[in-house]
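Numbering (this note's numbering), first residue to last: 232 to 995.
Just so it is clear, CB atoms sit at the ideal spot from N, CA and C, and this is done for glycine as well.
Below, the structure is given as C-alpha cells:
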C-alpha cells in the first residue's frame with residue numbers, strides 16, 4: 232500500500248474549508264472546454280480537491296485535461312493547431328484564433344480576494360471568484376462573475392443627496408456678501424430635484440450634467456468660509472463619484488488587475504506514462520537532452536523525469552559523467568582539442584610523444600586523479616541511493632525496496648531489490664507499476680515542493696499498471712497530496728473510484744454527435760454507448776464496496792439511480808436521528824442502472840446471513856418491466872424483496888420524488904431551471920407523479936432540461952433535508968418514509984413473505 236502524505240487526519244474527514252486553509256492561493260472551482268479536439272462543449276465541470284474523470288478508451292478524457300494544461304502550463308504545453316483545433320473548424324479557427332476560447336476556468340481567489348478588490352476597485356465579495364479564459368491565439372480574458380457593474384444610477388439616491396444639500400443650505404443664514412450665492416444655490420437645487428421627477432434611472436450623461444451645473448455655481452474665488460460653497464463642493468464630489476462608478480471600466484480589462492490575476496493563477500502540471508524512467512540511461516544523451524528545447528513530447532517527458540531524478544538525489548548528470556572519465560577518455564578529449572587547434576601536425580607530434588611516454592608507463596598523478604574522481608562518484612551514487620531508498624519507503628508500502636545507482640563509463644543504471652527478492656534487477660525488469668510510481672514520486676513530490684507548489688496536477692491514467700490494492704491506496708494517497716496541490720485525474724479503474732469517494736467522480740462519454748461530454752450524474756445515459764461503459768467503473772466500485780459491507784453484516788438495498796440513493800439515504804438519516812427508525816443492520820443503498828446490472832449485482836450481493844438484497848423500483852413502465860425481469864430470474868422465490876414505490880403513495884407511476892414529498896421537492900425544481908416565465912411550483916399539482924409533471928412542464932415552456940436534472944435536484948433536496956432538525960419533521964410526509972423503510976427492513980424476515988408478495992402484486 233501507499234502511505235498517506237502525512238500522519239495527520241485523513242483529508243476525507245476534513246471540510247473543504249480546512250483543505251482551503253492548508254492549500255494557499257487560487258483554487259480551481261470549475262472549468263469548461265469548447266472546440267478543443269473532440270470536445271465541442273463540455274459544459275461546466277465542477278471540481279473538488281480531488282476529481283476523477285472516468286470513461287472508456289477514446290471517450291476524450293485526455294482532451295479534458297490538455298486544455299487545462301495549456302491554460303497555464305508549468306512546462307511545455309504550447310498550443311498545437313494541427314492537433315488541438317477541431318478538424319471541422321480548422322480553417323475557421325486558423326483564420327481567427329482570437330475568436331475561439333478553448334478553455335474557461337473559475338477560481339476561488341481565497342486570501343487574494345482583498346488584494347484584487349483593492350486593485351479593481353470592487354467589493355471584496357465580488358473579487359472572491361475570478362474567471363479566466365484562453366483563446367487559441369494565446370490571449371487571456373479575465374472577468375469577475377460576482378461583480379455586477381452599474382450601467383445606471385438610482386434616481387432616488389441622487390435625489391436624496393441633492394435634497395440633503397438643499398436642506399443644509401436653506402437652514403443657514405448667509406452673510407450679506409453671500410446672499411446672492413445662497414439664493415442661487417437654493418433655487419438651483421430645487422430645480423434639479425424637480426428635473427429628476429419622472430426618471431427611474433440616471434445615465435452617466437445625466438450625472439455629468441448634474442455635476443457640471445453644481446460646479447458652475449461655485450465661485451472661482453470662493454470665500455474663505457462658506458457653508459454654501461462647502462455643501463456644493465460636497466455634492467459635486469458625490470455626483471462625480473457616482474458618475475465614475477457608472478463609467479468605471481470592466482475590472483478584468485484593467486492592465487494592473489489582469490496582471491495580478493494572471494500572475495496568481497496556479498500552474499498546471501500534466502503527467503502521463505511517457506515520463507517513466509528507463510533502467511539504463513546513456514549519460515551523454517541525458518546531458519544533451521536536458522539542454523535542448525526542441526524535443527518531442529515523449530523525449531521531453533523522459534528528460535524532465537531524469538532532471539528531477541538527479542535534482543532529487545542531489546547529483547548533476549554532467550558531474551557524474553565527468554567523474555567517470557578514465558585515462559582513455561582524457562586522452563581522446565585532449566587529442567580532439569589538439570586536432571581542433573593544431574591540425575594534423577599537432578596530432579602527429581602528440582602521438583609521437585605518447586609512444587615515448589608508454590615506455591615509462593602512464594602518468595602516476597593522472598591515474599591518481601582518475602581513481603579519486605571515480606571514488607568520489609561511487610560515494611555520491613551510494614549516498615544518493617540511500618536517500619532515494621529512505622524517502623521512497625515513506626510513501627510506498629507494497630514492498631521493502633532498495634535502490635542502487637551505478638555508473639559505468641557513459642552509462643547510468645538503476646538497480647532494484649527487495650526483502651523477498653534480494654537479487655538486484657534492473658528497474659526496467661521490475662513491474663511497470665513500480666516504474667510508474669517511482670517516476671510519479673520523483674516528478675510530483677519533488678516539483679510540487681518547488682516551482683509547482685500549489686499547482687493543479689493533471690494525471691492521465693495514473694497507476695493503471697498498479698495492483699488493485701495499490702490503486703486503492705493511490706486514491707487515498709491523492710488525498711494527502713491534495714493538501715498542497717489540487718488534482719484532476721482520468722481513469723477507468725474501479726479501484727481509483729472508491730465508493731466512499733463518489734463525490735469526486737465525473738463521467739466522460741461520447742455523445743450521439745461524436746463529441747465528448749462530461750456529467751456529474753453517474754447514472755445518466757451515455758450518448759451512443761448503450762452499454763454505459765463510462766459508468767461501469769463506478770458500478771464496479773459500488774459492487775465492491777457493498778459486497779464488503781455485506782460481509783460486515785450490513786443490509787444492501789438496490790435502487791435504480793443516484794437520485795434514489797441520495798433521497799433514501801437522507802430519509803434514513805433523518806428517521807434514525809429522530810429515533811423513528813432503529814434497524815438492526817445498517818442499510819446501504821446502492822444504485823444499479825439497468826436490469827442486467829441489477830440482476831448481476833443482486834446475485835453477487837446475496838449473503839449467507841442476509842440472502843438476496845431488497846430492490847426498490849419506481850412505478851414507471853421501466854420500473855415495472857425491471858421488476859418483472861427480477862421476479863422471473865433472481866427473485867423468483869423471493870417476491871417479498873421487490874418493493875414498489877406505488878405502494879407507498881397509493882397512486883400509479885410513483886417515483887422517489889413523490890415519496891420525499893411534493894411540498895418539499897416542487898419548489899426546488901425552480902432552483903434547477905430558472906428561465907421559464909411560469910414557475911413549476913405554480914404549474915404542478917399534488918397527487919400526480921412529479922417527474923412526469925416536470926417533463927410536461929419543460930415541454931410546454933419550450934426550455935431545455937439538463938440530462939442530470941434529477942441528480943441536481945436530489946442534491947438540493949438532500950441539502951435542505953440535512954439542515955432540518957430531526958425533532959421537527961412535522962412538515963414532511965414522515966409516515967410514508969417510515970412505511971417505506973419498514974418495508975425495506977421487514978423484507979426477508981420470517982412472516983413477511985406473504986404480506987409483501989400480495990403488495991408487490993400491484994406491479995404485475
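Check whether the region 863-879 touches the region 828-836, taking contact to mean three or more Cβ pairs, one atom from each stretch, closer than 8 Å.
yes
Going along the chain, which unbroken runs of the alpha helix (DSSP H) with 4 or more residues stay wholly within the region 866-931?
877-880, 887-891, 893-903 and 911-914
Residue span of the alpha helix (DSSP H) that contains residue 417, given as start and end
410-427
Between the region 341-349 and the region 265-282, are three or more C-beta pairs nearer than 8 Å?
no
With the cut-off set at 8 Å, would you say residue 705 and residue 615 are in Cβ contact?
no
Might you give, ordered along the chain, the residues of its own chain that have their beta carbon closer than 7 Å to the beta carbon of residue 290, omitting 5 neighbours on each side?
739, 740, 741, 747 and 765
Does the pairing of the region 381-395 with the region 420-439 give three or more beta-carbon distances under 8 Å?
yes
Can you say whether residue 953 is buried or exposed, counting buried as having 16 or more other CB atoms within 10 angstroms of its CB?
exposed
Measure the beta-carbon distance from residue 351 to residue 482 and round it to whole angstroms, keeping in mind my assumption that it falls under 8 Å.
3 Å
In three-state terms, what does DSSP make of residue 816?
coil
Could you give the first and the last residue of the continuous alpha helix (DSSP H) run that contains residue 315?
312-315
Out of 925, 890, 882 and 883, which one is the CA nearest neighbour of residue 902?
925
Look up residue 362 in the DSSP assignment and give the residues it is bridged to.
337 and 374
Return the Cβ separation of residue 316 and residue 258 in integer angstroms, given the expectation that the two are a contact with Cβ distance under 8 Å.
Actually they are not in contact, since the Cβ atoms of residue 316 and residue 258 sit about 30 Å apart, beyond 8 Å.
Please return the same chain residues whose Cβ sits closer than 7 Å to the Cβ of residue 923, not counting the five positions on each side in sequence.
884
Look up residue 973 in the DSSP assignment and say whether it is helix, strand or coil.
helix
Near residue 377, what residues of its chain come up, given a Cβ to Cβ distance below 7 Å and the 5 sequence neighbours on each side ignored?
356, 357, 359 and 360
Does the structure place the region 926-938 close enough to the region 953-963 that three or more beta carbon pairs sit under 8 Å?
no
Got a sec, what are the start and stop residues for the alpha helix (DSSP H) residue 367 sits in?
Neither: residue 367 is in no alpha helix (DSSP H) and is coded neither H nor E.
Taking CB distances under 8 Å as the criterion, tell me whether residue 343 reaches chain D.
Looking for chain D here will not work: only one protein chain is present.
Contact belief for residue 975 with residue 818 at Cβ below 8 Å, rounded distance in angstroms:
7 Å
Within 10 Å of its beta-carbon, does residue 610 have 16 or more other beta-carbons around it, so buried, or fewer, so exposed?
exposed
Integer-rounded CB distance, given that residue 364 should sit under 8 Å from residue 335:
4 Å
Identify, in the order they occur along the chain, each residue of the same chain with its Cβ nearer than 6 Å to the Cβ of residue 466, setting aside the five sequence neighbours on each side.
396 and 445
Can you tell me whether residue 662 is helix, strand or coil according to DSSP?
coil
For residue 737, count the other beta carbons within 10 Å of its own beta carbon; 16 or more makes it buried, fewer makes it exposed. Which is it?
buried
Looking at the structure shown, is residue 498 part of a helix, part of a strand, or coil, going by DSSP?
coil
First and last residue of the alpha helix (DSSP H) that includes residue 996?
Nothing can be reported for residue 996, as the shown portion of the chain is limited to 232 through 995.
Could you tell me how far apart the beta carbons of residue 458 and residue 412 are, in whole angstroms, since I believe they sit closer than 8 Å?
The pair is not a contact, with the Cβ atoms about 10 Å apart (cut-off 8 Å).
By DSSP, does residue 549 sit in helix, in strand, or in coil?
helix
Could you tell me whether the region 945-952 touches the region 887-902, using the rule of 3 or more Cβ pairs below 8 Å?
yes
Other residues of its chain near residue 909: CB distance less than 7 Å, five sequence neighbours each side excluded
932
What does the alpha-carbon distance come out to for the pair residue 288 and residue 812?
45 Å
Take the Cβ of residue 565 as the centre, count every other Cβ of all protein chains shown within 10 Å, and call the residue buried at 16 or more, exposed below.
In this predicted model, residue 565 has a pLDDT of only 48, less than 50, meaning its place in the structure is not dependable enough to derive any value.
For the alpha helix (DSSP H) containing residue 787, list its first residue and its last residue.
Careful: residue 787 lies outside any alpha helix (DSSP H), inside the beta strand (DSSP E) at 786-790.
Tell me where the alpha helix (DSSP H) around residue 518 begins and ends.
514-522
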